[in-house]
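As numbered in mature numbering (1 follows the signal peptide of the UniProt record, and there is no 0), residues -19 to -1, 1 to 223 make up the sequence shown, in order.
Just so you know, even glycine gets a beta-carbon here, dropped at the ideal spot from N, CA and C.
The model shown is predicted, which means the values in this text are computed figures rather than measured ones.
See structure below.
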Amino acid sequence: MKWLSVSLALCSLLALSRAVPFHPNSTSPVHDTPRQMGHCAYIVHDLPVPVPIGMFVPQCDASGNFLPQQCSGSTGYCWCVDVLTGEKIPGTETPPGVIPVSCDMEYHCPYDWSHFGKRCYYFVDSPKTWVEAESYCLFEGANLASIHSEEECHFIQSLTKAHSHDFPLTWLGGHNAVHSCFWMWNDGTKFDFDNWHKKMNMDDEMEKTECCLKINYGYNLKWHYASCNETLPFVCSKMIYY
């Protein structure tokens, strides 16, 4: 873990050094900014004066790094960023009128897990039944993944493609074991988003016997139900630890 932290810090520093290239013939005042200042200070220092209406101006701390939370005065949107690079953290953007997520804590995921919002995700390209997949996730302190937004859905789909160079049928944590027309997530979260291939029909004989949820179904990569005994790759998900 210590090696991983050092590697991540080194990558951030390398990204930072590439973010402000040196141009020998440039007369931009950004090069007069003290080198010990963070990348945010360089961006602000190099903005045109006066700043055009509607242009986003990043907020910096006393060291010239980005504040963990950035907000746009023109749109009202807020989001969390990497304090060194200013890169937006996926799943943290909130629209006007919505309480922004807390950006004060440093998010960490285990090695080989991917970070989105306040959760960590891991794609397992080893086909298992739904119960076997959930057992595997539980052993990792996780559950089969649940999805609560279109953005999160696309993120999980990208995980499946990154490992297989395709969009394989993949288990999520959804099931209708309690009642054929009542779907729920195995991690206990609210079933407040769906992306079904078609609307579930209570008279559909298939649905009465099939009670587990898979994604990447059909050419449009929708959700569909399947026999829980089918063997598929799967995605585990767990809350971020600090």
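| Item | Value |
| --- | --- |
| Decide if Phe163 is buried, meaning its Cβ has at least 16 other Cβ atoms within 10 Å, or exposed. | exposed |
| Could you give the residue range of the beta strand (DSSP E) that holds Tyr23? | Per DSSP, Tyr23 belongs to no beta strand (DSSP E); it is in the alpha helix (DSSP H), 20 to 26. |
| Just verifying my parser: in three-state terms, what is the DSSP assignment at Asn210? | coil |
| Contact between the region 85 to 104 and the region 136 to 153: three or more CB pairs below 8 Å? | yes |
| Taking 7 Å as the limit between beta carbons, can you name the residues of its chain near Val64, skipping five residues before and five after? | Asn46, Phe47, Pro49 |
| Throw me the rounded Cβ distance for the Pro91 and Pro214 pair, which I believe falls under 8 Å. | With a Cβ gap of about 19 Å, Pro91 and Pro214 do not count as contacting. |
| The alpha helix (DSSP H) spanning Phe120 covers which residue range? | 111 to 120 |
| Going straight from the alpha carbon of Pro33 to that of His26, what length do you get? | 14 Å |
| Suppose contacts are defined by Cβ-Cβ distances below 9 Å. Is Leu153 in contact with Lys195 by that definition? | yes |
| Taking Ala158 as the reference, give the member of Asn201, Thr151, Ala207 with the closest Cα. | Ala207 |
| Report the three-state DSSP secondary structure of Thr170 (helix, strand or coil). | coil |
| Identify, in the order they occur along the chain, each residue of the same chain with its Cβ nearer than 8 Å to the Cβ of Cys192, setting aside the five sequence neighbours on each side. | His156, Asn157, Ala158, Ser161, Tyr206, Cys209 |
| With distance defined between alpha-carbon atoms, name the residue in Ser44, Thr56, Cys21 nearest to Gly35. | Thr56 |
| Suppose you measure from the CA of Ile221 to the CA of Asp147; what does that come to, to the nearest Å? | 27 Å |
| From this set, Pro81, Asn201, Tyr103, Ile80, which residue's C-alpha is nearest Thr141's C-alpha? | Tyr103 |
| Give the C-beta separation of Gly67 and His20 to the nearest angstrom, bearing in mind that I take them to be a contact with Cβ-Cβ under 8 Å. | 6 Å |
| Tell me the DSSP secondary structure of Gln138 in three-state form. | helix |
| Based on the DSSP output, what are the partners of Leu194 in its beta bridges? | Tyr206 |
| Which residues bound the beta strand (DSSP E) around Ser95? | 95 to 97 |
| Out of Pro29, Ser44, Val82, Glu211, which has the shortest C-alpha to C-alpha gap to Trp60? | Val82 |
| Would you mind reading off the limits of the beta strand (DSSP E) that contains Leu153? | 151 to 160 |
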